[in-house]
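Asker:
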Amino acid sequence: MKLRFIEIKMKKRGEKPTFMLSVIIRLLSLAMGLGVVAALFLLQGVNPLLLYFNIFRVAFFTQYGLAETLSRMIPLLCIGIGLSVPFRAKIDNIGAEGQFLVGAIAAAGVAFSFPDLPAVLLIPLMFAAGFALGALWAIPVAIFRVMGKFKGADVVLSFLMVFPAYLLIVYLVNGPWKDPEGWGFTQSPLFPVNSQIWQLPGTRIHLTILLVLALTFLIHYYLVRTKEGIPETKLGYEINVVGENPEAGAAAGINFLKIALITMIISGGMAGLAGVGEVAGNLLRLRPEISTGLGFTGIVVAWLGGLNPLGIILSSLFFAGLLAGGVEIQMAGLPVTVIDLFNGSILFFVLLAEFFMRFKIEWRILK
Amino acid sequence: MVTVLKMQNICKSFVGEGGGEIRANDNITFTLKRGEVHALLGENGAGKSTLVMNLCREPDSGTVILNGEKVELHSPRDALKHGIGIAYQDLSRTLVERHTIAENILSLATGFLLSPSAIEEAIREALVEYDLGELDPQMSIWKLSGGEKQRVEILKALITNPDILILDEPTSMQTPLEVERLFSLIETLKAQGKSVVIITHHLGEAIRISNRITVLRGGKVVDTLDEVRVEAMKKEPEKGARELAQLMVGREVLYDLERKGLQEGPIVLATQDLRVNNDMGVQVVNSVSFKVRGNQILGIAGVAGNGQRELVESIVHWREATGGNIHLHGEVITNKPIKEIRDRGVSFVPENRKKALILNMSVRANLMISYYADTPGLFVDREAMIKKTDGLIKRFSIETPSPLAPVRSLSGGNRQKVVVARELSRQPPKGEQLLLIAENPTFGLDVATTQFVRQELLKMRTAGAAVLLVSSDLTEIMTLSDMIAVMYKGKIIGVLDASSATRESVGLLMGGVVGETSNVGEDELIEA
Ligand SMILES: Nc1ncnc2c1ncn2[C@@H]1O[C@H](COP(=O)(O)OP(=O)(O)OP(=O)(O)O)[C@@H](O)[C@H]1O
Ligand SMILES: [Mg+2]
Numbered sequence: 000m001k002l003r004f005i006e007i008k009m010k011k012r013g014e015k016p017t018f019m020l021s022v023i024i025r026l027l028s029l030a031m032g033l034g035v036v037a038a039l040f041l042l043q044g045v046n047p048l049l050l051y052f053n054i055f056r057v058a059f060f061t062q063y064g065l066a067e068t069l070s071r072m073i074p075l076l077c078i079g080i081g082l083s084v085p086f087r088a089k090i091d092n093i094g095a096e097g098q099f100l101v102g103a104i105a106a107a108g109v110a111f112s113f114p115d116l117p118a119v120l121l122i123p124l125m126f127a128a129g130f131a132l133g134a135l136w137a138i139p140v141a142i143f144r145v146m147g148k149f150k151g152a153d154v155v156l157s158f159l160m161v162f163p164a165y166l167l168i169v170y171l172v173n174g175p176w177k178d179p180e181g182w183g184f185t186q187s188p189l190f191p192v193n194s195q196i197w198q199l200p201g202t203r204i205h206l207t208i209l210l211v212l213a214l215t216f217l218i219h220y221y222l223v224r225t226k227e228g229i230p231e232t233k234l235g236y237e238i239n240v241v242g243e244n245p246e247a248g249a250a251a252g253i254n255f256l257k258i259a260l261i262t263m264i265i266s267g268g269m270a271g272l273a274g275v276g277e278v279a280g281n282l283l284r285l286r287p288e289i290s291t292g293l294g295f296t297g298i299v300v301a302w303l304g305g306l307n308p309l310g311i312i313l314s315s316l317f318f319a320g321l322l323a324g325g326v327e328i329q330m331a332g333l334p335v336t337v338i339d340l341f342n343g344s345i346l347f348f349v350l351l352a353e354f355f356m357r358f359k360i361e362w363r364i365l366k
Numbered sequence: 000m001v002t003v004l005k006m007q008n009i010c011k012s013f014v015g016e017g018g019g020e021i022r023a024n025d026n027i028t029f030t031l032k033r034g035e036v037h038a039l040l041g042e043n044g045a046g047k048s049t050l051v052m053n054l055c056r057e058p059d060s061g062t063v064i065l066n067g068e069k070v071e072l073h074s075p076r077d078a079l080k081h082g083i084g085i086a087y088q089d090l091s092r093t094l095v096e097r098h099t100i101a102e103n104i105l106s107l108a109t110g111f112l113l114s115p116s117a118i119e120e121a122i123r124e125a126l127v128e129y130d131l132g133e134l135d136p137q138m139s140i141w142k143l144s145g146g147e148k149q150r151v152e153i154l155k156a157l158i159t160n161p162d163i164l165i166l167d168e169p170t171s172m173q174t175p176l177e178v179e180r181l182f183s184l185i186e187t188l189k190a191q192g193k194s195v196v197i198i199t200h201h202l203g204e205a206i207r208i209s210n211r212i213t214v215l216r217g218g219k220v221v222d223t224l225d226e227v228r229v230e231a232m233k234k235e236p237e238k239g240a241r242e243l244a245q246l247m248v249g250r251e252v253l254y255d256l257e258r259k260g261l262q263e264g265p266i267v268l269a270t271q272d273l274r275v276n277n278d279m280g281v282q283v284v285n286s287v288s289f290k291v292r293g294n295q296i297l298g299i300a301g302v303a304g305n306g307q308r309e310l311v312e313s314i315v316h317w318r319e320a321t322g323g324n325i326h327l328h329g330e331v332i333t334n335k336p337i338k339e340i341r342d343r344g345v346s347f348v349p350e351n352r353k354k355a356l357i358l359n360m361s362v363r364a365n366l367m368i369s370y371y372a373d374t375p376g377l378f379v380d381r382e383a384m385i386k387k388t389d390g391l392i393k394r395f396s397i398e399t400p401s402p403l404a405p406v407r408s409l410s411g412g413n414r415q416k417v418v419v420a421r422e423l424s425r426q427p428p429k430g431e432q433l434l435l436i437a438e439n440p441t442f443g444l445d446v447a448t449t450q451f452v453r454q455e456l457l458k459m460r461t462a463g464a465a466v467l468l469v470s471s472d473l474t475e476i477m478t479l480s481d482m483i484a485v486m487y488k489g490k491i492i493g494v495l496d497a498s499s500a501t502r503e504s505v506g507l508l509m510g511g512v513v514g515e516t517s518n519v520g521e522d523e524l525i526e527a
């Protein structure tokens with residue numbers, strides 16, 4: 000008698016999976032993530048198919064919902080694109096949340112300091128400050144990644160740096176920037192008019208969307224896209240090399256610290272920009288809970304999009320839709336935080352999918 | 000004699016990037032008799048490794064018959080169970096770098112040797128029994144030299160005491176002494192009635208050790224030479240080797256290298272009391288001083304593991320020099336950033352392929368790594384890179400379905416060609432000579448390509464380059480070098496002028512026996 004009747008083998012793929020295959024694997028992992036959450040809905044006595052249908056309908060086929068989806072997409076796309084850059088170089092920045100928050104702080108600081116500057120000067124200044132502070136928040140991560148004495152130093156540090164950013168906002172809105180007419184709410188006063196980013200009338204889609212799309216295009220064009228197997232810039236090539244084999248990169252004379260710093264500055268800076276846009280274009284106030292986890296959702300957005308800008312546009316649209324259609328979740332009698340469940344379970348399956356793109360599983364029945 | 004293994008009508012294809020199909024094995028039939036040594040020869044990419052791999056994974060079609068019975072072998076473990084021990088060529092795939100020798104071998108154990116101490120004991124015994132030299136079972140794989148890794152792989156194949164032993168290029172990184180030992184081991188196994196398949200690019204070795212020889216070309220069997228023909232070749236090995244080379248390549252192979260007498264150029268590289276540690280922090284380069292001039296090849300001979308690797312790696316600062324100085328064109332470059340050193344016109348063909356190649360990236364991306372930064376500015380000069388890489392693929396006949404295919408899909412020899420092509424084609428800065436450091440550059444290359452690379456090295460010498468050639472292949476050292484320095488226990492114990500050196504005099508020095516001739520040379524080299 001044989002106990003083992005099935006043999007399962009794990010094999011490294013000789014070649015990279017084709018584009019189609021990688022899309023299919025990602026869609027499958029997405030479906031599995033949704034499936035897990037569906038099971039939880041069922042346990043709560045909610046019909047998941049109906050709920051998904053409603054989320055989808057509201058998010059993409061109602062005027063209000065679509066506007067809200069696009070508005071939510073702005074920070075998600077901005078953070079996700081930024082994160083994809085260090086991720087491609089195998090640097091794990093999971094602290095976009097903190098970089099986003101300090102970006103918002105920078106925006107508020109500039110707005111409250113120069114309320115009388117004309118908008119054409121003030122708003123670019125806020126973006127510049129947001130980028131700078133976000134990048135500054137990210138630089139230690141790069142240094143720890145390269146000099147750190149243990150693997151994962153970047154993960155730990157980037158995560159830990161979320162908390163000081165959050166606490167700093169709590170302090171500011173309770174202290175120097177407390178809203179005098181806030182009725183005890185911990186929030187800043189409304190942003191000065193000149194610092195408010197123009198919105199499409201009747202919606203919360205603000206002009207930041209153009210900036211984000213432009214940056215997405217730039218990153219795609221200069222860092223990611225290859226023609227004849229060659230990216231446009233040296234940096235793009237070096238990021239690929241370092242991401243695939245850091246030892247070979249170092250041996251060829253590529254300075255890993257330089258790559259880590261540049262990619263983290265791009266990533267932290269873009270999270271900072273997202274923070275500026277969110278407070279100056281959408282909320283118009285600084286509050287401790289401005290983010291609602293956008294920085295963490297951005298990680299899932301980047302991976303689900305295959306670390307590829309075009310894919311990330313789609314995945315950010317998807318998650319923005321989930322957030323916008325989230326009202327339906329409330330209507331169904333479930334707490335909004337259920338959305339975090341989506342983040343978690345989808346990230347889980349997407350990372351699993353990464354594994355399946357590198358390895359294939361073979362199995363056969365033993366006779 | 001009885002046939003123990005028959006592989007019948009074996010076909011195995013791979014799909015290349017872009018859809019092209021590579022027929023790595025195209026209807027191959029191969030037999031192995033009991034008590035014979037059967038050599039498998041062929042150019043890089045001929046399909047040798049693919050053929051033996053069919054003993055641990057299913058081919059697309061064809062049958063494997065073991066002792067008259069049809070078998071299906073799905074994994075290396077299946078092969079072991081059927082008494083087939085395989086030492087693979089691609090060690091990066093079969094040895095776990097971070098684990099120790101013992102742990103790597105433990106992975107084979109099926110119940111009989113489960114404790115680490117038992118395994119270590121078994122390894123020590125096996126090392127003595129099979130005369131495989133010194134290896135510390137507790138040493139991590141990544142700390143070993145290429146040759147030592149190969150011996151671990153052979154040990155791994157042997158330790159289960161298989162009836163059929165398959166050795167895929169077991170000698171490519173071994174010293175002559177170790178090759179001798181391995182060959183006497185093979186003779187012993189043969190006498191015990193075991194059968195051995197050996198893949199090698201050293202045709203002389205193949206003729207010497209084998210009873211029969213099968214030659215592959217382009218995935219097909221060209222010919223199987225029976226005992227009588229091989230016996231005839233043993234009488235005239237020189238002629239035999241030429242005959243085999245012709246069978247492999249399908250045309251006459253250039254055997255004689257063109258080597259011009261040249262005026263020595265200016266000093267390009269000089270080291271002074273250079274001291275370097277190995278990975279374990281032990282000083283293995285002990286105050287080494289030498290210099291290399293333009294138009295000159297300095298060959299560093301020596302048994303692998305006497306500090307050669309550490310020496311050359313410290314020159315390009317892959318490794319820290321702990322003492323002494325390195326001068327390039329008269330300027331100190333000791334421990335300067337790698338990029339700075341390389342930009343001054345230093346090319347390096349390392350033995351460590353892991354650091355030289357990015358397996359998941361395309362052939363083009365791998366070739367580019369030494370050229371993309373040649374133009375100033377932030378952008379890659381795409382047109383120039385396409386032209387450059389396509390040119391290199393063509394000139395060095397790198398066998399790949401497309402420049403965009405990942406290096407991982409290339410055969411072992413073609414991977415090495417990528418490194419060689421890249422490093423041998425760099426241009427020095429204006430008015431200066433290139434320094435080329437070649438560490439066993441022809442490891443794993445077939446005869447024709449080996450000759451080609453050697454000829455290229457000589458061409459570089461003619462063009463003015465200073466070449467530092469580290470090789471454990473004495474023939475390579477003797478045919479290429481102008482000066483020969485012999486390294487022994489971290490020191491250069493002798494320097495000979497190539498015109499007066501003999502295999503014997505170099506061989507003695509490699510064993511640490513210092514004669515009189517050498518000292519003269521050494522002084523000469525260090526002074527001025
Ligand atoms: N996993 C793979 N994917 C795609 N192509 C492959 C793969 N393995 C081998 N090949 C191709 O099959 C052919 C035969 O390769 P193989 O490794 O058997 O050559 P070889 O005779 O062992 O050469 P070498 O002397 O260089 O080791 C080569 O063209 C190689 O590129
Ligand atoms: Mg091979």
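One line per chain: the protein sequences are A and B, in this order.
Position 239 of the first sequence, counted from 1, bears residue number 238 in numbering that gives the first Met the number 0, the numbering being contiguous throughout.
Position 520 of the second sequence, counted from 1, bears residue number 519 in numbering that gives the first Met the number 0, the numbering being contiguous throughout.
Don't be surprised by glycine CBs; every beta carbon is placed ideally from N, CA and C.
Just so we're clear, the structure is a prediction, and the values are computed from it rather than from any experiment.
#1: Just to confirm, does Q532 of chain B get its C-beta within under 7 Å of one of the non-hydrogen atoms of ligand 2?
#2: Hey, quick one: how far does the beta strand (DSSP E) through K490 of chain B stretch, first residue to last?
#3: Closer than 8 Å between beta carbons: that is the criterion. Which residues of the region 400-416 of chain B meet it against chain A?
#4: To the nearest angstrom, how far is it from the Cα of G192 of chain B to the Cα of K155 of chain B?
#5: Classify E20 of chain B as helix, strand or coil using the three-state DSSP reduction.
#6: For L256 of chain A, does the count of other Cβ atoms within 10 angstroms reach 16, so buried, or fall short, so exposed?
#7: Under the criterion of a Cβ to heavy atom distance below 7 Å, does D167 of chain B qualify as lining ligand 2?
#8: F40 of chain A lies in the beta strand (DSSP E); which residues open and close that run?
#9: Please indicate yes or no: does the CB of A45 of chain B lie closer than 7 Å to some heavy atom of ligand 1?
#10: Near M52 of chain B, what residues of its chain come up, given a Cβ to Cβ distance below 7 Å and the 5 sequence neighbours on each side ignored?
#11: Chain B beta carbons: is any one of them nearer than 8 Å to that of V240 of chain A?
#12: Kindly confirm or deny that the region 120-127 of chain A and the region 225-237 of chain A touch, where touching means at least three C-beta pairs closer than 8 Å.
#13: Would you say the beta carbon of G411 of chain B is closer than 7 Å to some non-hydrogen atom of ligand 2?
#14: Considering only the beta carbon of each residue, do M263 of chain A and V140 of chain A sit closer than 8 Å?
#15: Please report how far the alpha carbon of S28 of chain A lies from the alpha carbon of I338 of chain A, in whole angstroms.
#16: Please return the same chain residues whose Cβ sits closer than 7 Å to the Cβ of T17 of chain A, not counting the five positions on each side in sequence.
#17: Mark W136 of chain A as exposed unless 16 or more other C-beta atoms lie within 10 angstroms of its C-beta, in which case mark it buried.
#18: Starting from R292 of chain B, trace the beta strand (DSSP E) in both directions and tell me its first and last residue.
#19: Can you tell me where the beta strand (DSSP E) holding C10 of chain B begins and where it ends?
#20: Any residues in the region 245-263 of chain A with a beta carbon nearer than 9 Å to a beta carbon of chain B? Which ones, in chain order?
#21: Give every residue of the same chain whose Cβ lies closer than 6 Å to the Cβ of T30 of chain B, excluding the five residues on either side of it in the sequence, and list them in chain order.
#22: Assuming A105 of chain A and L132 of chain A form a contact by the criterion Cβ under 8 Å, report the distance between their Cβ atoms to the nearest whole angstrom.
#23: Following the continuous beta strand (DSSP E) through N413 of chain B, name the residue where it begins and the one where it ends.
#24: Cutting at 6 Å between CB atoms, please list the residues of its own chain near I296 of chain B, excluding the five before and the five after it.
#25: If you follow the alpha helix (DSSP H) that Y165 of chain A is in, where does it begin and where does it stop?
#26: Beta-carbon within less than 8 Å of E20 of chain B's beta-carbon, same chain only, minus the 5 sequence neighbours each way: which residues are those?
#27: Using only alpha-carbon positions, find the residue among A:P85, A:I78, A:A134, A:G280 that is nearest to A107 of chain A.
#28: Using a cut-off of 9 Å between C-beta atoms, extract the partners of F378 of chain B located in chain A.
#29: Mind checking K80 of chain B: buried by the 16 CB within 10 Å criterion, or exposed?
#30: Residues of chain E with CB closer than 7 Å to the CB of E243 of chain A, please, in chain order.
#31: Which chain A residues are close to M384 of chain B, counting only those with a beta carbon under 7 Å from its beta carbon?
#32: According to DSSP, is G568 of chain B helix, strand or coil?
#33: Can you give me the Cβ contacts of W37 of chain A inside the same chain, cut-off strictly under 7 Å, excluding the 5 residues immediately before and after it?
#34: How many Å lie between R529 of chain B and R363 of chain B at the Cα?
#35: Within 8 Å of any Cβ in chain A, is that where the Cβ of V519 of chain B sits?
Answerer: According to the data block:
#1: In this structure chain B extends from 0 to 527, so residue 532 of chain B is not present and cannot be described.
#2: Where K490 of chain B is concerned, the enclosing beta strand (DSSP E) stretches over 490-496.
#3: Under the 8 Å Cβ criterion, the region 400-416 of chain B contributes P402, L403, A404, P405, R407, S408.
#4: Going from the Cα of G192 of chain B to the Cα of K155 of chain B covers about 20 Å.
#5: It is a strand residue.
#6: L256 of chain A comes out exposed.
#7: At least one heavy atom of ligand 2 is nearer than 7 Å to the Cβ of D167 of chain B, so yes.
#8: DSSP places F40 of chain A in no beta strand (DSSP E) but in the uninterrupted alpha helix (DSSP H) bounded by 18-42.
#9: Yes, since a heavy atom of ligand 1 falls inside the 7 Å radius drawn around the Cβ of A45 of chain B.
#10: Excluding five sequence positions before and after M52 of chain B, none of the CB atoms of its chain fall closer than 7 Å to its own CB.
#11: Yes, V240 of chain A counts as interfacial toward chain B.
#12: No, because fewer than three Cβ pairs between the region 120-127 of chain A and the region 225-237 of chain A fall closer than 8 Å, the two stretches do not touch.
#13: G411 of chain B: yes, Cβ under 7 Å from ligand 2.
#14: Contact annotation: M263 of chain A and V140 of chain A have beta-carbon atoms nearer than 8 Å.
#15: Distance between the alpha carbons of S28 of chain A and I338 of chain A is about 17 Å.
#16: Cβ within range, chain order: n/a, list empty.
#17: By the neighbour-count rule (16 or more Cβ atoms within 10 Å), W136 of chain A is buried.
#18: 282-292 is the extent of the beta strand (DSSP E) around R292 of chain B.
#19: That run of the beta strand (DSSP E) goes 2-14.
#20: Hits within the stretch, in order: E246, A247, G248, A249, A250, A251, G252, I253, N254.
#21: Contacts found: T2, K5.
#22: The distance from the Cβ of A105 of chain A to that of L132 of chain A is about 4 Å, consistent with a contact at the 8 Å cut-off.
#23: DSSP places N413 of chain B outside any beta strand (DSSP E); the residue lies instead in the alpha helix (DSSP H), whose first and last residues are 411-423.
#24: Closer than 6 Å at the Cβ level, and outside the excluded window around I296 of chain B, lie R460, V466, L468, L479, S480, D481.
#25: Segment 161-173, the alpha helix (DSSP H) holding Y165 of chain A.
#26: Result list for E20 of chain B: S12, F13, V14, in chain order.
#27: Closest by alpha carbon: A:G280.
#28: Listed along chain A are Y221, E231, T232, K233, each with a C-beta nearer than 9 Å to that of F378 of chain B.
#29: The residue in question, K80 of chain B, is exposed, as its Cβ has fewer than 16 Cβ neighbours within 10 Å.
#30: Looking at the structure shown, chain E is missing, and the protein chains on hand are A and B.
#31: Ordered by position in chain A, the residues that pass the 7 Å Cβ test against M384 of chain B are I229.
#32: There is simply no residue 568 of chain B to check, as chain B begins at 0 and stops at 527 in what is shown.
#33: Looking at the sequence shown, residue 37 of chain A is not Trp but Ala. Excluding its 5 nearest sequence neighbours in each direction, A37 of chain A has C-beta neighbours in its own chain below 7 Å: P47, listed in chain order.
#34: Residue numbering for chain B in the displayed model covers 0 to 527; residue 529 of chain B lies beyond these limits and cannot be assessed.
#35: Low confidence applies here, because V519 of chain B scores a pLDDT of 43, under 50, leaving its location unreliable; read the following figure in that light. Not one chain A Cβ lies under 8 Å of V519 of chain B.
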